[in-house]
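Asks:
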Amino acid sequence: TVTDEKGHVIAWSSAGSLGFNGPKKATPFAASKVVNALAEKLKKTGPFDVQVFVSGIGGGRDSSIRSLMNQGFNLSSIKDITPIPHNGPRPRKVRRV
Numbered sequence: 373t374v375t376d377e378k379g380h381v382i383a384w385s386s387a388g389s390l391g392f393n394g395p396k397k398a399t400p401f402a403a404s405k406v407v408n409a410l411a412e413k414l415k416k417t418g419p420f421d422v423q424v425f426v427s428g429i430g431g432g433r434d435s436s437i438r439s440l441m442n443q444g445f446n447l448s449s450i451k452d453i454t455p456i457p458h459n460g461p462r463p464r465k466v467r468r469v
């Protein structure tokens with residue numbers, strides 16, 4: 373999702389909207405296709421100076437940032453906003469065989 377400084381949505385795209393389904397949505401190829409679709413929408417109206425906020429882990433993080441740079445956007449900052457639990461749920465019991 374691309375938003376302005378106030379948080380209003382300018383453009384959005386997802387792997388599911390591009391026809392990927394199931395586990396194929398979590399691939400780096402799908403992430404780069406999503407960024408290419410967003411870039412086509414943004415080249416018409418545009419901001420070209422972009423701040424990137426990445427949330428979550430997965431193979432698509434690096435490929436999506438690389439695709440943004442290859443599309444000609446100026447990345448002013450890249451921030452990781454993945455939520456990290458302070459304590460989290462209790463772990464599973466240890467398996468004894």
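Quick note, our numbering runs 372 ahead of the 1-based positions in the sequence shown.
The beta carbon of each residue, even a glycine, is placed where N, CA and C say it ideally should be.
Note that the coordinates shown come from a computational prediction; the quantities given were computed from them, not determined experimentally.
(1) Quick one, are the C-beta atoms of A411 and Q443 less than 7 Å apart?
(2) By the 10 Å Cβ neighbour count, where 16 or more other Cβ atoms means buried, how is V406 classified, buried or exposed?
(3) Determine the direct distance from the alpha carbon of G391 to that of Q423, and round the result to whole angstroms.
(4) Around the C-beta of G388, are 16 or more other C-beta atoms found within 10 angstroms, so that it is buried, or is it exposed?
(5) Going by CA-CA distance only, name the one from P395, V381 and K413 that's closest to L440.
(6) Once you ignore the five residues that flank G430 on each side, which residues in its own chain have a CB closer than 7 Å to its CB?
(7) Is it right to say S425 is buried, meaning 16 or more other beta carbons lie within 10 angstroms of its own, or is it exposed?
(8) Select from P463, K465 and S427 the residue whose C-alpha is nearest the C-alpha of I450.
(9) Following the continuous beta strand (DSSP E) through S313, name the residue where it begins and the one where it ends.
Replies: Quick answer:
(1) The residue labelled residue 411 in the question sits at position 39 within the sequence shown. The residue labelled residue 443 in the question sits at position 71 within the sequence shown. Contact flag set, yes.
(2) Position 34 of the sequence shown, counted from the first residue, corresponds to residue 406. Per the 10 Å Cβ criterion, buried.
(3) As a first step, residue 423 must be located in the sequence shown, where it is residue number 51. As a first step, residue 391 must be located in the sequence shown, where it is residue number 19. Their backbone Cα atoms lie some 27 Å apart in a straight line.
(4) Here the question's residue 388 lines up with position 16 in the sequence shown. Exposed, by the Cβ-count rule.
(5) Indexing the sequence shown from 1 puts residue 440 at position 68. Ranking the options by Cα distance to L440, first place goes to K413.
(6) Indexing the sequence shown from 1 puts residue 430 at position 58. For G430, where only same-chain residues beyond five positions count, the Cβ hits under 7 Å are A398.
(7) In the sequence shown, the residue the question calls residue 425 occupies position 53. A small fix is needed here, since residue 425 is Phe in this sequence, not Ser. Label assigned to F425: exposed.
(8) Translated into positions along the sequence shown, residue 450 becomes position 78. That would be S427, whose Cα lies nearest to the Cα of I450.
(9) Residue coverage of the chain in this structure runs from 373 to 469, which leaves residue 313 outside it and unanswerable.
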